[in-house]
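All letters in the sequence shown, in the order written, are residues 0 to 338 by numbering that gives the first Met the number 0. Here's the structure, in structure tokens; my notes come after.
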Amino acid sequence: MADGLSGLGEFEIIGLFRQAAEPGRRWVVRGIGDDCAVLDVGGKERLLVTTDMLVERVHFLRDGITPRQLGYKSLSVNLSDIAAMGGEPTAAFLAWGLTADLDLAFVTGFRDGLLQCAREHRVDLLGGDTTASKSDIIACLSVLGRAEAGEVITRFGARPGDVVMLGGMVGDSGAGLHLALRKSGEVSAADRRRLLSAHLEPRPQVELGRLLAKRRLATAMIDVSDGVLQDLYHVVTASGVGADLDADALPLSDAARALAKSAGVDARDWGLSGGEDYVLLFCVPQDREAETLAACQSELGLRVVPVGRVTQKKHIRVRRNGTWGEMHIEGYDHFKRQE
Ligand code: ADP
Ligand code: MG
Numbered sequence: 000m001a002d003g004l005s006g007l008g009e010f011e012i013i014g015l016f017r018q019a020a021e022p023g024r025r026w027v028v029r030g031i032g033d034d035c036a037v038l039d040v041g042g043k044e045r046l047l048v049t050t051d052m053l054v055e056r057v058h059f060l061r062d063g064i065t066p067r068q069l070g071y072k073s074l075s076v077n078l079s080d081i082a083a084m085g086g087e088p089t090a091a092f093l094a095w096g097l098t099a100d101l102d103l104a105f106v107t108g109f110r111d112g113l114l115q116c117a118r119e120h121r122v123d124l125l126g127g128d129t130t131a132s133k134s135d136i137i138a139c140l141s142v143l144g145r146a147e148a149g150e151v152i153t154r155f156g157a158r159p160g161d162v163v164m165l166g167g168m169v170g171d172s173g174a175g176l177h178l179a180l181r182k183s184g185e186v187s188a189a190d191r192r193r194l195l196s197a198h199l200e201p202r203p204q205v206e207l208g209r210l211l212a213k214r215r216l217a218t219a220m221i222d223v224s225d226g227v228l229q230d231l232y233h234v235v236t237a238s239g240v241g242a243d244l245d246a247d248a249l250p251l252s253d254a255a256r257a258l259a260k261s262a263g264v265d266a267r268d269w270g271l272s273g274g275e276d277y278v279l280l281f282c283v284p285q286d287r288e289a290e291t292l293a294a295c296q297s298e299l300g301l302r303v304v305p306v307g308r309v310t311q312k313k314h315i316r317v318r319r320n321g322t323w324g325e326m327h328i329e330g331y332d333h334f335k336r337q338e
């Protein structure tokens with residue numbers, strides 16, 4: 000990206016569009032600013048629309064991911080945005096740019112990974128666009144989903160007193176990236192597979208999103224694509240509230256902990272600001288916390304984890320090693336320089 004943009008963050012750029020776009024059609028329920036746009040298509044039905052792009056050298060390295068994994072991931076990160084609204088994904092469109100040096104095996108591998116992910120979530124590939132690209136592979140997926148009006152969960156509904164919960168382990172993807180970049184630290188072959196798979200083939204929590212939506216359990220939700228801190232920040236700013244986040248309570252896998260110990264880093268940082276975990280972060284009224292834990296366990300065999308509390312004060316406090324401190328956001332921003 001041109002140096003000139005580096006002073007401007009990804010979210011400031013999006014803000015420039017958001018301020019100017021002014022959606023006027025009466026069927027627009029939500030426009031820019033959530034995981035999906037929401038359209039009223041008549042009756043109780045709501046149409047969800049999202050699009051997300053993977054760019055070579057920005058999101059992946061060609062020799063660090065197989066074509067099959069790349070196809071899988073390009074769809075799964077989009078399904079995660081449908082999940083984050085409580086929706087049921089229905090259809091996908093693939094627009095991509097391919098460089099001349101790619102071969103047939105790349106195309107069929109990518110196709111097979113994408114279609115495997117589509118089959119797992121009963122999504123149909125219904126169209127797209129195929130073009131040449133001069134130097135980098137680009138894969139942009141757009142996905143449609145559906146939900147009933149009362150089921151849609153936005154980023155806007157968090158209330159003081161709500162419990163902040165995570166739908167699963169965080170930090171594995173950041174740990175997987177650490178391994179993929181061949182940074183220091185060693186783990187067993189099984190841990191290595193787990194961490195790399197979390198990074199290269201993330202599993203969107205579509206079933207969890209549907210369960211929370213159907214039972215009206217969550218007041219606000221987002222998927223963790225930029226790190227727990229950054230994504231919690233999106234929820235609290237959209238909702239006009241703040242939060243206390245207990246970093247000591249973050250669910251971290253034994254594999255991530257083992258790698259962090261060996262590499263001499265803090266595994267919590269992979270969860271807080273690593274990103275790409277694609278687990279759901281959601282807020283639940285305090286009096287429904289027990290019901291939520293029980294429903295996720297009994298219906299999905301899933302242990303969701305309380306990690307914080309929504310507050311009235313409009314900032315985020317983070318507890319680490321028993322001490323509360325003010326937040327410093329270090330999630331991924333495409334135009335700010337990363338370490
Ligand atoms: P997510 O991480 O859930 O994919 P993003 O942080 O990428 O969400 O985007 C935040 C919001 O900004 C979304 O509503 C997205 O659709 C919107 N957005 C991103 N880029 C643009 C753009 N160039 N024009 C209009 N809306 C955009
Ligand atoms: Mg999202």
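The C-beta atom is built at its ideal place from N, Cα and C for all residues, glycine as well.
Beta-bridge analysis with DSSP links W323 to R318.
Bounds of any alpha helix (DSSP H) do not take in P305; it lies within the beta strand (DSSP E) bounded by V304 to T310. Of F155, G270, Q68 and T65, the smallest CA-CA separation from G239 is found for F155. A distance of 7 Å or more separates the beta carbons of A91 and G208. D51 has its Cβ nearer than 6 Å to a heavy atom of the ligand ADP.
Shown here, V28 sits in a strand according to DSSP, grouped into three states.
If one requires a minimum length of 4 residues, no alpha helix (DSSP H) run lies completely within the stretch 124 to 163. Ranking V306, R316, A36 and V264 by CA distance to the CA of R145 puts A36 first.
The Cβ atoms of L279 and G166 sit closer than 7 Å to each other. DSSP places C35 in no beta strand (DSSP E); its state is neither H nor E. Taking 7 Å as the cut-off, the Cβ atoms of A219 and C295 do not count as close.
L178 counts as buried, since at least 16 other C-beta atoms from the protein chains shown sit within 10 angstroms of its C-beta. Residue state for I221 is assigned as strand, using DSSP reduced to three classes. Relative to the ligand ADP, the nearest heavy atom lies less than 6 Å away from the CB of S224.
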